[in-house]
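Counting from 1, position 141 in the sequence shown corresponds to residue 138 in this note's numbering; the numbering is continuous, with no gaps.
Beta carbons: idealized from backbone N, C-alpha and C, even for Gly.
Only one structure is covered here, and it is reproduced in the block below.
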Amino acid sequence: MDKKIIVITGASGTGKTTISKYLQDTYHIPSVITHTTRLPRVGEKDGIDYHFETKDSFLKNHYLERVEFSGNWYGSSEESLNKTWEKYDAASIVVDTKGAISYKEKYGNQAVVIFLEVDLDTVTKRLAGRGDDINRLKARINSDEFHRDLNIPSELRGKCYKITNNNIEITKESVNKILNIEKIK
């Protein structure tokens, strides 16, 4: 069987992490562990929550996508994906649309891209419900990246599955159908 990477993308608040957790809990499809140079938060463990790196060790990996956020680097590496594929036939990863394009270009049909969307009002309510600071919330919603991730980029049109996530149960059914189409179980 071909190894698969389920790439979950879309704007903040569309349910990407929820779907990644659903794949883990229901189908035992693990998330690829990403890398960061930020310090672990209380309760976070290296190799489980992230690969916690120094700036030097971070640069030794081959990244499909990486970003700098608040002075720290975050990225998903080929090394981490290959390590996951050693044990599992399928894995998932949550990335922005730029990252999703990188995965699709590198892995072709092995990359199953799921684009999640919701209307702006719903996203705003969900993000506010997370308890984020209102100024950070406004900055996020007004950011270029947020607006970019609200729509399927031209590079992924016709090459990804789009789910409007207004109801999590209907969204889970749609994910189940995609797994059947792609023969991932």
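In this structure, the CA atom of residue 93 is about 16 angstroms from the CA atom of residue 124. Within the same chain, and ignoring the five residues on either side of residue 62 in sequence, the residues whose Cβ sits closer than 7 angstroms to its Cβ are 72, 73, 92, 95, 96 and 99.
When 154, 29 and 140 are compared, the shortest CA-CA separation from residue 86 is found for 29.
Exclusion of the five residues before and after residue 76 leaves 58 and 59 as the residues of its chain whose Cβ lies within less than 7 angstroms of its Cβ. Rounded to whole angstroms, residue 51 and residue 45 show a C-alpha spacing of 17 angstroms. If you check the CB distance, residue 176 and residue 169 do not come in under 8 angstroms. A contact is defined here as three or more CB-CB pairs under 8 angstroms, and the segment 104 to 118 fails this definition with respect to the segment 18 to 28.
Within the DSSP secondary-structure output, residue 160 pairs in a beta bridge with 113.
Between residue 137 and residue 54, the C-beta gap is not smaller than 8 angstroms, which leaves the two residues out of contact. By the neighbour-count criterion, in which a residue is buried when 16 or more other Cβ atoms sit within 10 angstroms of its Cβ, residue 140 is exposed.
About 25 angstroms separates the CB atoms of residue 47 and residue 172; that is not less than 8 angstroms, and the two are not in contact. Using a Cβ distance threshold of 8 angstroms, residue 151 and residue 89 do not count as a contacting pair. The shortest CA-to-CA distance from residue 11 to any of 154, 38, 36 and 164 is the one to 164. Judged by DSSP in its simplified three-state form, residue 69 adopts strand.
Residue state for residue 97 is assigned as helix, using DSSP reduced to three classes. The three-state secondary structure of residue 144, taken from DSSP, is helix.
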